[in-house]
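If you read the sequences in order, they're chains A and B. Our numbering applies: residue 16 is where the first sequence begins, and numbers increase by one. Our numbering applies: residue 2 is where the second sequence begins, and numbers increase by one. We put the beta carbon where it would ideally sit given N, CA and C, even for glycine.
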Amino acid sequence: MKFGVIVFPGSNCDIDCFHAVKDALGHEVEYIWHDTEELDDCDCIILPGGFSYGDYLRCGAVARFSRIMEAVKAHAASGKLVIGICNGFQILTEAGLLPGALVRNINLKFICDTVPLRVETNDTPFTSLYQKGEIINFPIAHGEGNYVVDEATLNKMKENGQIVFTYVNNPNGSMENIAGVCNEEKNVLGMMPHPERACEEILGNTDGRRLFESIISALEEKVKHEKAL
Amino acid sequence: MKKPYETVGLTEKEYKKIIEYLGREPNEVELNIYGVMWSEHCSYKHSRALFRHFPTTGKRVLQGPGENAGIIDIGDNLAIVMKIESHNHPSAIEPYQGAATGVGGIIRDIFAMGARPIALLNSLRFGDIEKSERVKYLVDGVVAGIAGYGNCMGIPTTAGETYFNSSYDGNPLVNAMCVGILEHDKIHRGNASGVGNSVMYVGAATGRDGMGGASFASVELTEESEEKKSAVQVGDPFMEKLLLEACLELLETGSIVGLQDLGAAGLTSACCETAARGEGGMEIDVLKVPRREKGMLPVEVMISESQERMLLIVEKGREDEVKKIVEKWGLHAVTIGKVTDNGRLTVKEGDKTVADVPAYSLDSSGAPRYYKEYEEPAYYRELKNFRPETTTEPKDYNKTLMDLFTSPNLCSKEWVYRQYDHMVRTCTVVKPGSDAAVLRIRGTKKGIALTVDCNSRYCYLDPRAGSAIAVTEAARNLVCSGAKPLAVTDGLNFGSPEKPDRFWQFREAVIGIGEACRELDTPVISGNISFYNETETQAIYPTPIIGMAGVIEDTDKYCTMHFKDEGDIVILLGKTENELGGSEYLSRIHGIEKGAVPRLNFGLEKKLQAFILSAINKGCLKSAHDVSDGGLAIALAECCMEKELGIKVKLESHLRTDAVLFSESQSRFVVSCSQETLAELQQLMEKQEIPYEILGRVAGDEFRIDINKRNVVALKVKEMKEAWRGAFECLMS
Chain A
16 MKFGVIVFPG SNCDIDCFHA VKDALGHEVE YIWHDTEELD DCDCIILPGG FSYGDYLRCG
76 AVARFSRIME AVKAHAASGK LVIGICNGFQ ILTEAGLLPG ALVRNINLKF ICDTVPLRVE
136 TNDTPFTSLY QKGEIINFPI AHGEGNYVVD EATLNKMKEN GQIVFTYVNN PNGSMENIAG
196 VCNEEKNVLG MMPHPERACE EILGNTDGRR LFESIISALE EKVKHEKAL
Chain B
2 MKKPYETVGL TEKEYKKIIE YLGREPNEVE LNIYGVMWSE HCSYKHSRAL FRHFPTTGKR
62 VLQGPGENAG IIDIGDNLAI VMKIESHNHP SAIEPYQGAA TGVGGIIRDI FAMGARPIAL
122 LNSLRFGDIE KSERVKYLVD GVVAGIAGYG NCMGIPTTAG ETYFNSSYDG NPLVNAMCVG
182 ILEHDKIHRG NASGVGNSVM YVGAATGRDG MGGASFASVE LTEESEEKKS AVQVGDPFME
242 KLLLEACLEL LETGSIVGLQ DLGAAGLTSA CCETAARGEG GMEIDVLKVP RREKGMLPVE
302 VMISESQERM LLIVEKGRED EVKKIVEKWG LHAVTIGKVT DNGRLTVKEG DKTVADVPAY
362 SLDSSGAPRY YKEYEEPAYY RELKNFRPET TTEPKDYNKT LMDLFTSPNL CSKEWVYRQY
422 DHMVRTCTVV KPGSDAAVLR IRGTKKGIAL TVDCNSRYCY LDPRAGSAIA VTEAARNLVC
482 SGAKPLAVTD GLNFGSPEKP DRFWQFREAV IGIGEACREL DTPVISGNIS FYNETETQAI
542 YPTPIIGMAG VIEDTDKYCT MHFKDEGDIV ILLGKTENEL GGSEYLSRIH GIEKGAVPRL
602 NFGLEKKLQA FILSAINKGC LKSAHDVSDG GLAIALAECC MEKELGIKVK LESHLRTDAV
662 LFSESQSRFV VSCSQETLAE LQQLMEKQEI PYEILGRVAG DEFRIDINKR NVVALKVKEM
722 KEAWRGAFEC LMS
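So this is what it looks like as structure tokens:
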């Protein structure tokens, strides 16, 4: 399976995502420069964390106009997998690929910590290997992770099972403790916590591995399914 | 009316020396150039004569002091680059930008050597936070500034220290350290070599911000300092991130002969330093320098300290290749001049020559050098004689301990480091909150451990001994993590060198650091001196901050300070003496900052450090922590916090209870091991004649200490931890 990590000017978790996939999971991965239109033949696209364009204007507000984003939209529209982590999540909301927005943390400070999350649904290609309701620990590191969305959309998201992760102890003021959401089709996931920082024993946390393993297993299923047809 | 040379901070004698160098009177541009280059900040004219006390060589030293940063070999063709730098005065008047640009500057020093920056550390000192709203404002701004810059750069801020003392009222200290990694054959230096090679400018445009920052740093802070806000630069970490990536990519092409960051004294300093290290001469045209403001004078362009700029010395004919890579990162590179061999720094404005001076006369070899007078201050002998046993012993040690825990200096600094991304780059193995940060080196078994340390109260009471203790404690922090200490970068923060008593403190500290570094075989490979840290009413406590790096050969064998499991045996290595002089206990509980500082025995110290390291490598220890501020009681409590584990300790001692609990005797470690390894450990300790005492066991949920069969402390760990963790936030609100 092949992953692609988009590199925007100011991305800084690109290298972490790259190594999580390559070293910890042992899968193929490549960097994709923002100023191109090709996603090659990547099965899953990762929008990494960082400060794309310095987070100037608004987090993700400039990155969404990058040339590569048209290809990312097309990739998502074709039902392929996209995951945005931290700044990547912010970019996905700005690009309209995910509902809602991320505003400043309620304490107005950057927060770096490892916090417990609840897996709200395992009925997504990103969480199938977790148990529903399971508590896992993920690192967070953001200044603007306070998720907001209008009520009508929120209700719809709840009905559709689009709320994927919630915080056990809300660190940033997010509505309904939301830490990660997906689109209606469930092939695009955005989350503030960093699964790529939790894939190796030496870092003291491997709770993030199953997220990537879920993706790989979903992709393998798809290949099997296509072959059977 | 001030003389023109006085307005740029020079003396009459120095002015005469300039005339001697030039054979004529300098023009305004030249005078300003000499003013910034001969400031203490750039030339170290008051301090350089003492550097001979530092050991700066060794078989692992690949680059000692004198470059942008020092480099130390960690084996397998890998090396780490490190340096610490102060940004005290800017932070005193504009805390966010002052601290942020301090971080930005030190990062540039690291990648100027060709290294990828992999970790940041910081050492912060503020005034009395319990008495001053201004201090809270400074803490808030400085921490946010460090976070704002480092987080955006994607370089983890992995360790640090934050201390409070009224001597820093009005003059906080903000020292930032950066560590990078590179392969031996990829080392670059700030050399302008190869006559005819191009001098290129890359990064942010030049503005009027940070005018004369180096000179500003070389005077005392006064009421008027607030007016010097224009001397504080404004940081743009996004620009620096692009600059970093562009420079590292450029270095891969082989087109870069030398690179140098534009730091203090801006373009002036970058040009003359690279020229002096290379062929000796350089010619530049200020009209070619990108500017962000209209109507800038040549002198303004030359001394501006606008941030996020680098100077590249590019092989002639490869300028377009450089431009292309730089443009990929959304930046521009402009040729502003060329390398010459006439020994002169020539500054042109189009066809007109606006400055023409011998390059070597500007750098530290040509700058004046002073052998300052020093004099032992009267307080030194007087305060030393104070006898801590004349104080009244506390009645309730539970209360004393809780008071200490919740004090600004001993409480948890989670409020601070929670704002720093300490995990980005996914190499941080031991996060902030233990003795030292541990980072793995990706693709190898190796790791490095990093720490910063200084007890400035000791350094005030006895600068020589206090500084030696700072070095030794930094080494202890690394050893407790399982690392072999390798090298030091020192951030020396002092008052005015022009006052003999302050200069005595400086001189004593330099000698103390030198002695300890020689004893521990940790050469000083880089550093920074910040003088004039005083206000109209007082000077800061002498604060020589020691940044230290060590290597861990196998990251499976690192160690942390936290107790791990119930039933483990807790042992004290070393000996507790009656040494409360200068202690945190005496300061916090009795309000007294006096007494003789603890004695340091290098023989015992080295023996213990070697033992701890070998025991960790043998897998005998489950935790290791050095005993420092607050003494044994605080050290033990710190080990209990993370996992909320209790401890039952039984001690026998002839000392007063407060001395048993809070004495800060040196060369002591609290370690824990499993019951099964105890026998092996004891055998090793006895064979190597290590003084030790079995204190008790990790057990239950209570922190319990009995001395001479009498219970003196019994506290619930959970309550202790809550108070300790929450204290900082309470102070800030």
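Runs of the beta strand (DSSP E) lying entirely within the region 314-349 of chain B, each at least 3 residues long, are 334-341 in chain order. For H42 of chain A, there is no enclosing beta strand (DSSP E), as DSSP marks it with neither H nor E. An exposed status is given to M2 of chain B, since fewer than 16 other beta-carbon atoms sit within 10 Å of its beta-carbon. The C-alpha of V233 of chain B is placed about 7 Å away from the C-alpha of D210 of chain B. Cβ-Cβ distances below 7 Å link G697 of chain B to V571, I648, K649, V650 and K651 in the same chain, with the five nearest sequence neighbours on each side left out; the list follows chain order. The C-beta separation of I193 of chain A from I178 of chain A comes to about 6 Å, placing the pair in contact by the 8 Å criterion. Residues of the region 132-161 of chain A with a C-beta atom less than 8 Å from some C-beta of chain B are P154, A156 and G158, listed in chain order. Three or more Cβ pairs drawn from the region 69-84 of chain B and the region 479-498 of chain B lie within less than 8 Å of each other, which places the two stretches in contact. Cβ neighbours of G264 of chain B within its own chain (closer than 8 Å, five residues either side excluded): G106, R109, D110, S270, A271 and E306. A700 of chain B has its alpha-carbon roughly 5 Å from the corresponding atom of E567 of chain B.
In this structure, B:E415 is the residue among B:E415, B:E26 and B:E250 with its C-alpha nearest to the C-alpha of R726 of chain B. Identification of chain B residues near L218 of chain A by a Cβ-Cβ cut-off of 9 Å yields M424, T427, C428, T429, V430 and R441, ordered along the chain.
Note: G19 of chain A is bridge-paired with A:E45 and A:I60 in the DSSP secondary-structure output. For the C-beta of H34 of chain A, the chain B residues within less than 9 Å are, from N- to C-terminus, T427 and R443. Pairing L113 of chain A with C197 of chain A, the inter-Cα distance amounts to about 7 Å.
Between Y46 of chain A and chain B, the shortest Cβ-Cβ separation is not below 8 Å. Cβ neighbours of A206 of chain B within its own chain (closer than 6 Å, five residues either side excluded): P291, R292 and R293. By the C-beta criterion, the region 162-172 of chain A is judged not to be in contact with the region 231-244 of chain A, since fewer than 3 inter-stretch pairs fall below 8 Å. The DSSP assignment places 624-627 and 648-652 as complete runs of the beta strand (DSSP E) inside the region 619-662 of chain B, in order along the chain (cut-off: 3 residues). Around the beta carbon of F80 of chain A, fewer than 16 other beta carbons lie within 10 angstroms, which makes this residue exposed. Residue pairing for S527 of chain B: DSSP places it in a beta bridge opposite B:T490. Rounded to the nearest angstrom, the gap between the Cα atoms of V203 of chain B and V327 of chain B is 8 Å.
Put simply, the region 343-355 of chain B does not touch the region 4-16 of chain B. Fewer than three CB pairs are less than 8 Å apart. Secondary structure at E377 of chain B: coil, using DSSP grouped into helix, strand and coil. Between the region 125-143 of chain A and the region 81-91 of chain A, the count of C-beta pairs closer than 8 Å stays below three; the two stretches do not touch.
Secondary structure at N709 of chain B: coil, using DSSP grouped into helix, strand and coil. Nearest neighbour of L521 of chain B by Cα position, chosen from B:E284, B:T678, B:V302 and B:A476, turns out to be B:A476. Proximity to G223 of chain A across B:F239, B:E730, B:T427 and B:P498 peaks at B:T427, based on C-alpha coordinates. Boundaries of the alpha helix (DSSP H) harbouring I470 of chain B: P464 to C481, taken from the DSSP string. Beta-bridge partners of P545 of chain B (DSSP): B:L493. Identification of chain B residues near K88 of chain A by a Cβ-Cβ cut-off of 8 Å yields none; the smallest Cβ-Cβ distance measures about 23 Å.
For F23 of chain A, no CB of chain B lies under 8 Å from its own CB, so it is not counted at the interface with that chain. Residue-level contact by beta carbon holds for R419 of chain B and chain A, with a gap shorter than 8 Å.
For the pair G631 of chain B and L312 of chain B, the CB atoms are not nearer than the 8 Å cut-off. Look at K124 of chain A: its C-beta is under 8 Å from a C-beta on chain B. Three or more pairs of CB atoms, one per stretch, sit closer than 8 Å, so the region 144-160 of chain B contacts the region 91-100 of chain B.
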